[in-house]
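J.: Residue numbers (the numbering used here): 19 to 467.
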Ligand code: NDP
Ligand code: 2IT
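(1) Give the DSSP bridge partners of residue 257, in chain order.
(2) For the putative contact between residue 103 and residue 183, defined by C-beta atoms under 8 Å, what is the C-beta separation to the nearest angstrom?
(3) Identify every residue that forms a DSSP beta bridge with residue 322.
(4) Within its chain, find whatever has a CB closer than 6 Å to the CB of residue 11; leave out the 5 residues flanking it on each side and keep chain order.
(5) Secondary structure at residue 453, three-state DSSP: helix, strand or coil?
(6) Looking only at its chain, what residues have a beta carbon closer than 7 Å to the beta carbon of residue 159, apart from the 5 residues adjacent to it on each side?
(7) Ends of the alpha helix (DSSP H) at residue 234?
(8) Check whether the segment 348-359 touches the segment 326-333, taking contact to mean three or more Cβ pairs, one atom from each stretch, closer than 8 Å.
(9) Hey, quick one: how far does the alpha helix (DSSP H) through residue 439 stretch, first residue to last?
(10) Would the C-beta of residue 43 count as close to the ligand NDP, meaning under 8 Å from any of its heavy atoms?
(11) Just tell me which of 395, 434 and 430 has its CA closest to the CA of residue 225.
(12) Under 7 Å Cβ to Cβ from residue 228, same chain only, skipping five residues before and after it: list those, please.
(13) CA-CA distance, residue 241 and residue 429?
(14) Under 8 Å: does the beta carbon of residue 142 sit that close to some heavy atom of the ligand NDP?
(15) Grouping DSSP H, G and I as helix and E and B as strand, with all else coil, what is residue 20?
(16) What does a CB cutoff of less than 8 Å around residue 163 pick up in its chain, not counting 5 residues either side in sequence?
(17) Can you find the residues in the same chain that come closer than 6 Å, C-beta to C-beta, to residue 474, ignoring five residues on each side of it along the sequence?
(18) Taking only runs that begin and end inside the segment 96-131, name each unbroken beta strand (DSSP E) of 3 or more residues, in chain order.
(19) Which word fits residue 220, buried or exposed, when buried means at least 16 other C-beta atoms lie within 10 angstroms of its C-beta?
(20) Just to check, is the beta-carbon of residue 393 closer than 8 Å to a non-hydrogen atom of the ligand 2IT?
(21) What first and last residue would you give for the beta strand (DSSP E) that runs through residue 373?
(22) Buried or exposed for residue 425, going by 16 or more other Cβ atoms inside 10 Å?
(23) In terms of residues, what are the limits of the alpha helix (DSSP H) holding residue 284?
(24) In or out: residue 207 buried (at least 16 other Cβ within 10 Å) or exposed?
(25) Taking only three categories from DSSP, how would you classify residue 151?
(26) Quick one: residues in its chain with C-beta nearer than 6 Å to the C-beta of residue 128, no 5 flanking neighbours on either side, listed in chain order?
(27) Using 9 Å as the threshold, is the C-beta distance between residue 107 and residue 464 below it?
(28) Just curious, the beta strand (DSSP E) that residue 63 is in, first and last residue?
(29) Tell me the DSSP secondary structure of residue 39 in three-state form.
(30) Drop a sphere of 10 angstroms on the beta-carbon of residue 29, count the other beta-carbons inside from all chains shown, and report buried for 16 or more, exposed for fewer.
(31) Nearest to residue 259 by alpha carbon, out of 280, 274 and 161?
(32) Between which two residues does the beta strand (DSSP E) harbouring residue 79 extend?
(33) Tell me which residues share the same chain as residue 292 and place their Cβ nearer than 6 Å to its Cβ, disregarding the 5 neighbours each side in the sequence.
(34) Quick check on residue 184: does DSSP put it in helix, strand or coil?
(35) Can you tell me which of 132, 264 and 119 puts its alpha carbon nearest to the alpha carbon of residue 112?
(36) May I ask which residues mark the beginning and end of the alpha helix (DSSP H) holding residue 264?
In structure tokens:
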């Protein structure tokens with residue numbers, strides 16, 4: 019993307035950097051969004067007059083708290099908990115909780131900032147927020163995990179509610195963790211408030227297709243982008259990183275639509291399986307037995323595990339980074355381009371560095387940023403909230419059809435905005451612009467908030 023940024027935008031950006039020192043991921047997200055909405059701000063002087071950008075880059079509320087718990091050896095452990103409530107102009111704060119040792123304020127703020135525009139783009143009534151902890155779920159027992167979740171929720175309870183803030187899962191937080199969190203919330207509040215958390219189990223308020231929604235949504239978005247160029251997924255080979263919730267269900271949908279994912283990864287390395295990833299084995303290794311990904315290769319003839327190197331060096335026409343932020347850099351983008359990649363769709367949040375995005379776009383590769391491509395998860399969370407409020411449960415097929423419709427609308431909104439603001443087919447500009455306008459208009463209408 020080559021666009022010029024106005025002095026107003028530069029001033030807001032510089033002030034935000036100075037006010038939030040030592041937060042590189044937050045700075046990166048600020049830079050990406052502020053740069054790409056420059057054409058919108060140029061057409062709307064009223065946004066500058068109302069100080070919309072100065073307000074948008076400042077979270078409405080940030081909570082950090084101590085989470086004490088006792089491990090199986092009887093030792094006291096202390097983690098740090100976070101909830102950053104970024105923007106509630108469009109609805110209750112909404113966004114996941116991440117449990118990973120790398121979690122810090124910068125990461126939670128970048129995620130909450132991005133979430134605000136992603137959620138706006140879904141067209142659902144949800145604001146943006148994010149939370150989590152530097153707790154490491156790897157190597158902890160089920161009892162330790164439960165005690166940690168209960169302690170975390172004792173504090174988080176004060177800040178959330180179905181009309182206030184509705185957390186869900188993210189890295190390290192799936193249905194098991196949501197269960198322990200929900201149980202503790204219910205106990206503390208003495209009310210069965212289903213809509214306070216999403217990603218619940220199907221037997222206790224969860225929604226069909228929420229588990230699958232992010233991965234399925236990424237592939238629906240990919241399908242829409244390819245269709246715009248008269249192409250399909252059929253017969254394509256995909257390079258996928260990660261091996262958690264998003265990666266697993268992206269691979270599942272690729273298979274259903276006639277494409278083949280040949281890689282998965284985790285923080286220990288990656289798997290290449292030219293026959294196509296065996297989904298049942300992947301789920302057995304990662305979800306059921308919770309092993310490292312190398313166990314997949316031990317049990318699958320023809321597959322091999324690579325402990326060093328980069329998954330992006332494996333040739334394929336599609337790429338879906340679905341692990342974590344900044345996992346795809348400029349060398350990786352160059353390798354993908356060399357190997358003939360046609361499209362990259364971000365399953366993770368901000369997995370590609372700015373240099374990598376620029377290289378891919380310059381090479382004419384279709385590029386879907388996370389806030390568009392992975393928005394299916396949070397969109398389905400909003401539908402889980404609707405079902406909870408109405409005490410209803412929709413069937414799997416109906417839910418999947420709604421998800422597919424939302425991803426198609428979202429693709430159209432991002433594409434149309436890319437055209438409207440002078441960069442047709444640039445989904446980074448399109449997604450940021452479309453999401454931003456919805457939030458900015460609501461903030462303007464609601465006065466100085
Ligand atoms: P999971 O915890 O289910 O899986 C995460 C995967 O990424 C694991 O394979 C993990 O490997 C790997 N990973 C995590 N951190 C790192 C790291 N620092 N370096 C290398 N590998 C890493 O998480 P999800 O699948 O839910 O989330 C994946 C991405 O998708 C995240 O960026 C998340 O923010 C984003 N996302 C998730 C949504 C959801 O609904 N779940 C919705 C939208 C976006 P290991 O086990 O070795 O850590
Ligand atoms: O990044 C994300 O959009 C999520 N982790 C899902 C958030 C949600 O509230 O479902």
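C-beta atoms are modelled at their ideal positions from N, C-alpha and C, and glycine is treated no differently. None of the values given here were measured: they were computed from a predicted structure.
T.: In short:
(1) Per DSSP, 337.
(2) 6 Å
(3) 290
(4) Since the first and last residues shown for the chain are 19 and 467, residue 11 lies out of range.
(5) helix
(6) 90
(7) Boundaries of the alpha helix (DSSP H) harbouring residue 234: 228-246, taken from the DSSP string.
(8) yes
(9) It is not in any alpha helix (DSSP H) - residue 439 carries neither H nor E in the DSSP assignment.
(10) The answer is no for residue 43.
(11) 395
(12) The residues are 216, 217, 398, 399 and 402.
(13) 10 Å
(14) Not so, every heavy atom of the ligand NDP lies at least 8 Å from the Cβ.
(15) Note that residue 20 scores 49 on pLDDT, short of 50, meaning its location in the model is unreliable and no value can be drawn from it.
(16) 155, 194, 195 and 198
(17) As displayed, the chain neither begins before 19 nor continues past 467, which places residue 474 out of reach and without an answer.
(18) Entirely contained in the segment 96-131, the beta strand (DSSP E) runs reaching 3 residues are, in chain order, 111-117.
(19) exposed
(20) yes
(21) Per DSSP, residue 373 belongs to no beta strand (DSSP E); it is in the alpha helix (DSSP H), 372-380.
(22) buried
(23) Premise fails: residue 284 lies in the beta strand (DSSP E), 281-284, not in any alpha helix (DSSP H).
(24) exposed
(25) strand
(26) 43, 44 and 47
(27) yes
(28) The continuous stretches of beta strand (DSSP E) do not include residue 63, which lies in the alpha helix (DSSP H) extending over residues 63-67.
(29) coil
(30) exposed
(31) Checked all of 280, 274 and 161; the closest Cα to residue 259 is 280.
(32) 79-88
(33) 280
(34) strand
(35) 132
(36) 263-274
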